[in-house]
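Residue numbers (this note's numbering): 2 to 364.
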């Protein structure tokens, strides 16, 4: 396997499975955490490694270190390893090009980078993607050998601000927003969970993966029910498991018949479904619009990424994240990329616009 984002949560869980089930790791890639990358190199002995931050490359303890253009790294992997599985768990828009290049090179793409589909779903072969998001793995699991689906439902925990009074949302700090109730994730996706941008992205991700026109989301605070499917015969099925990403990863990499987790004790489970509040989570009000116009995902993703990092740096308020997204749509909502290169250009222009909004204080 090739693991892109090996030092993140998905990457570490994938390596835990590789350790347990004796998978060979052909290549590892990360953004800048060379210390953890060196530990992984010492244990798994990959043939090639990549680190995005050029200044950190000299600290990586390996004789074949790539940096800069990740495309060159992936081509070298193809030449060295053949067409193996690629786990793409990179963060944000940076995962899109590796997803597209991986498919062009013939790799089997196991995707945890939802932004690849949000921003560029129409330029990927979605039928050949193994999804790693717990919700989309759950949907894939439920859709096997079943009647025709008529509706998909994914669930959300509500994130860290679920109980915060709406009037106080503008005062939410990064420290508060980063306290996810159920999952241990990176900073960016944890903030996305708090704003429900993550769930908006997952609705669009489900559209590209399964092409079912009716896709909804609801809150299930325990994160025990990950997905539901409504079928044409009137039945509904649910995918229920403990909150552990190793299950979705295991199925993506071919361990679907192995015992990965203990089955959930349903007698002790507290399961309740709730509607998503548009006042608390204004970004999610775009869900129906992105299903009708999925090309909006590129602009929404770019604006959201810039706003989230500005919030984490203390430059804007929590509630300004949604305002930045809506401002970007006002300017770029009519644009649709017709070629892959136009996705890259649109992403760049949206980010520049949002940075200027933040700089000028006109959020």
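Here a beta-carbon is modelled for each residue, glycine too, at the ideal position from N, C-alpha and C. Quick caveat, the model's predicted, so the values are computed rather than measured.
Taking C-beta atoms as the reference points, residue 207 and residue 153 count as a pair closer than 8 Å. Counting C-beta atoms within 10 angstroms of its own C-beta, residue 281 has 16 or more neighbours from the protein chains shown and is therefore classed as buried. Of the residues 21, 68, 126, the one whose Cα lies closest to the Cα of residue 262 is 21. In this structure, residue 93 lies near residue 306, with their beta-carbon atoms less than 8 Å apart.
Counting along the chain, residue 99 sits inside the alpha helix (DSSP H) bounded by residues 97-105. A check of alpha carbon separations from residue 28 across 52, 14, 18, 10 identifies 52 as the nearest. Note on residue 115: 16 or more other CB atoms within 10 angstroms of its CB, so buried under the neighbour-count rule.
Between residue 59 and residue 30, the gap from beta carbon to beta carbon reaches 8 Å or more.
DSSP, reduced to helix, strand and coil, places residue 138 within a helical segment of the structure shown. The alpha-carbon of residue 47 is positioned some 36 Å away from that of residue 195. Distance check between residue 91 and each of 100, 83, 85 places 100 closest, using alpha-carbon atoms only. According to the DSSP assignment, residue 298 belongs to the alpha helix (DSSP H) that extends over 298-313.
With a 10 Å radius around the Cβ and a threshold of 16 neighbouring Cβ atoms, residue 212 comes out exposed.
Secondary structure note for residue 169: it is in no beta strand (DSSP E), with a DSSP letter that is neither H nor E. In the displayed model, residue 272 falls within coil according to three-state DSSP, outside both helix and strand. Residue pairing for residue 230: DSSP places it in a beta bridge opposite 153, 238. By the Cβ rule, the stretch 298-313 counts as touching the stretch 321-333, because three or more pairs are nearer than 8 Å. Residue pairing by DSSP places residue 67 opposite 51 in a beta bridge. Per DSSP, reduced to three states, the secondary structure at residue 283 is helical. Look at residue 183 here: in three-state DSSP terms it is coil, with no helix or strand label.
A distance below 7 Å between beta-carbons, with the five flanking residues on each side excluded, links residue 78 to the following residues of its chain, in chain order: 3, 27, 28, 49. Distance between residue 76 and residue 102, taken at the CA atoms: about 9 Å.
Beta-bridge annotation (DSSP): residue 218 is paired with 155. In this structure residue 279 is exposed. Its beta-carbon is surrounded by fewer than 16 other beta-carbon atoms within 10 angstroms. Taken through DSSP and simplified to helix, strand or coil, residue 175 comes out as helix. Of the candidates 335, 83, 202, 354, 202 places its Cα closest to the Cα of residue 289. If the five residues before and after residue 155 are omitted, its C-beta is found closer than 6 Å to the C-beta atoms of 136, 203, 218, 228, all from its own chain and listed in chain order.
Between the alpha carbons of residue 298 and residue 68 lies a gap of roughly 28 Å.
DSSP places residue 87 in the uninterrupted beta strand (DSSP E) bounded by 86-89. Per DSSP, reduced to three states, the secondary structure at residue 264 is coil, with no helix or strand assignment.
The C-alpha of residue 163 is placed about 12 Å away from the C-alpha of residue 223. DSSP, read as helix, strand or coil, puts residue 148 in coil.
Of all alpha-carbon atoms in 244, 332, 122, the one lying nearest the alpha-carbon of residue 339 is that of 122. DSSP, reduced to helix, strand and coil, places residue 289 within a helical segment of the structure shown.
Rounded to the nearest angstrom, the Cβ distance from residue 322 to residue 111 is 29 Å, too far for a contact under 8 Å.
Fewer than three beta-carbon pairs drawn from the stretch 126-144 and the stretch 161-177 are found closer than 8 Å, and the two stretches are therefore not classed as touching.
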